[in-house]
Structure formats: structure tokens, C-alpha cells
Amino acid sequence: MNPIVAPSILSCDFAYVARDVEMINQSAADWIHVDVMDGVFVPNISFGLPVVEAMKRHSKKPLDVHLMMVQPERYLKHFRDAGADHISIHIEACTHIHIAVQEIHKLGAKAGVAINPGTSVSALEDIIRDIDIVCFMSVNPGWGGQGFIETSIEKIGRVKELILRTGSKAVIEVDGGVKLDNAARIYQAGADVLVSGSGVFGHPDPIAAIQTIKSLTR
Ligand code: DX5
Ligand code: ZN
59 MNPIVAPSIL SCDFAYVARD VEMINQSAAD WIHVDVMDGV FVPNISFGLP
109 VVEAMKRHSK KPLDVHLMMV QPERYLKHFR DAGADHISIH IEACTHIHIA
159 VQEIHKLGAK AGVAINPGTS VSALEDIIRD IDIVCFMSVN PGWGGQGFIE
209 TSIEKIGRVK ELILRTGSKA VIEVDGGVKL DNAARIYQAG ADVLVSGSGV
259 FGHPDPIAAI QTIKSLTR
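Using the numbering used here, the first residue of the sequence shown is number 59, and each one after it goes up by one.
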């Protein structure tokens, strides 16, 4: 079995978004990971709806949209209309996560729940059966290019246990600090989806970097 690979477009050159989306089209990547930051839930602001819509026009791969924003429930339909195929929302940012997950499904998208490094796996206990993706943050959200938090390895194992125990169909998407030199270890720990931003776009040959991650086996 090989991982699902989702390059993070946050690390692209925003003056050449279409070119960089086209690179992902040509690669072995499965999804394009799209980080939306509101400047409130996280200090940084990345981009919003018109940019997601522009990426969608060029992308041949599903858009895996990660909303790092407060009250994401206000914008689910907007992001779906802009072309999001998957929508992940933070458990720390959404009061009625169960309603929001149902809403994402009603809109016809896959539903993900993201958890920060400081959030306990047990927070997922009562939502895990209802979701398609656990967006597991292995850095504190807000920026690309941060170092992988090592305690994530053991925590990924606990998410896996929860999934097996509850019969959930959710995949574990590890997001943050995934690079060629640690991807194998993270995959072995139980990740199903590997997001990589700077690890792909900071590599001299991004297509080869994506292929290397895609070729991992378990
Ligand atoms: C962090 C974002 C990540 C980021 C990953 O806030 O959610 O998706 O783009 O970038 P790297 O792989 O550079 O850590
Ligand atoms: Zn992300």
C-alpha cells in the first residue's frame, strides 16, 4: 500500500499559481492541499475564496481544503462552491462540530476534522465515525516550513487505535513538517495521507520529491 500524497500549495510561488498547480497535475500527487488562514484562528492570512476558485479551474486533482479559521461553519457553502472537494475544519474553532460535519456532507464534499498539536486525541472520540479525514497537525498551524513535532509519531498511533476501535472509515492525514527524510517514519506510524509543502516546493525537483513520497510502502 502506498500513501495518498497531498502537496500543500501554501508553499508554491503565488505569482505562478497556475504553473505550480499544473506541476501537481503532472505529478503522482493524489490531492492538492489548500490552506486557508483567517488571521484570527492563526496569526497568518493566506488566501481566500477567489484564489481557491482560480486553483480549481486549473487543478485536475481534488482540492483538499484545510480551513484554519474561526466559525468555519459560516463559509462551508462558499468553499464548496469555490471548488473544495474535501473540507477540513478545526475542532478548536467550531462549537457545533457535529452539525458542521453533516453540513459538509450535505454539500457533497468529504468532511475532515483537524486537531492541533495540543488537542487530545480523545476530542475526536464522538465525531470520528462521522468523518472521512482526520487532519492531524504535526506543527502548530499558521505557517509552512516548520519542523515536525516528534511526539506526533506516538500520537498518530493513538488516532489509529481510535479509528480501529470505533470502526471509523476516516483516513489519517498528517499535516506539517513532512519531508523526504521523515516521510517513511510518519507513514509507518499510521498516516494514510502525507501533506508536504516546503518538502515538495523547496526541493530542486518537486515532481521527483512527490514520486519519492508516493513510492513509500507499508
Ligand atoms: C500549516 C499548514 C500546512 C502547511 C504544511 O499551517 O496547515 O498544511 O502548508 O507545510 P510544510 O509541509 O512546509 O510544513
Ligand atoms: Zn494544512
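Note that CB positions come from ideal geometry on N, CA and C, so glycine has one too.
In chain order, what residues of the same chain have a beta carbon less than 7 Å from the beta carbon of residue i, not counting five sequence neighbours either side?
i      : result
Arg276 : Met59, Tyr245 and Gln246
Lys135 : Leu165
Ala167 : Arg138, Ala142, Asp143, His144 and Ile145
Using a threshold of 7 Å, state whether the C-beta atoms of residue i and residue j are closer than that.
i      : j      : result
Ala267 : Leu252 : no
Val192 : Ile230 : yes
Ala87  : Pro65  : yes
Ala181 : Ile149 : yes
Since residue i and residue j should fall inside the 8 Å C-beta cutoff, what is the C-beta to C-beta distance between them, to a whole number of angstroms?
i      : j      : result
Ile157 : Val171 : With a Cβ gap of about 13 Å, Ile157 and Val171 do not count as contacting.
Pro130 : Ile103 : Rounded, the Cβ-Cβ distance is 15 Å, inconsistent with contact.
Ala249 : Ile207 : In fact, because the Cβ distance is near 14 Å, the residues do not count as touching under 8 Å.
Val94  : Gly106 : 7 Å
Lys119 : Asn174 : Going by Cβ atoms, the distance from Lys119 to Asn174 rounds to 26 Å, so no, they are not a contact pair.
His21  : Asp71  : Given that the chain is displayed from residue 59 to residue 276, the structure contains no residue 21 and the question cannot be resolved.
Val179 : Arg216 : 5 Å
Between which residues of its own chain and residue i is the CB-CB distance below 6 Å, once the five residues before and five after are set aside?
i      : result
Asp188 : Val159
Ser69  : Gly202, Gly255, Ser256 and Phe259
Ile271 : Val63, Ala241 and Leu252
Ser210 : Ser196
Ser226 : Ile186 and Arg187
Gly200 : Val100, Pro101 and Asn102
Gly205 : Gly235
Asp96  : Met127
His261 : Ala267
Trp89  : Ala64, Lys119, Pro120 and Asp122
Sorted by chain position, which residues of the same chain lie with C-beta nearer than 8 Å to residue i's C-beta, five sequence neighbours on each side aside?
i      : result
Glu80  : His116
Arg243 : Ile211
Leu238 : Gly257, His261, Ala267, Thr270 and Ile271
Cys152 : Gln129, Pro130, Glu131 and Ala158
In this structure, what does DSSP give as the bridge partners for residue i?
i      : result
Met195 : Asp233
Ala112 : Beta-bridge pairing links Ala112 to no other residue.
Asp93  : His124
Lys168 : His144
Ala8   : For residue 8 there is no data in the structure shown, the boundaries of the chain being 59 and 276.
Ile173 : Phe194
Ile103 : Asp96
Between the segment 102-114 and the segment 131-141, do at least 3 Cβ pairs fall closer than 8 Å?
Flag = yes, the segment 102-114 and the segment 131-141 touch.
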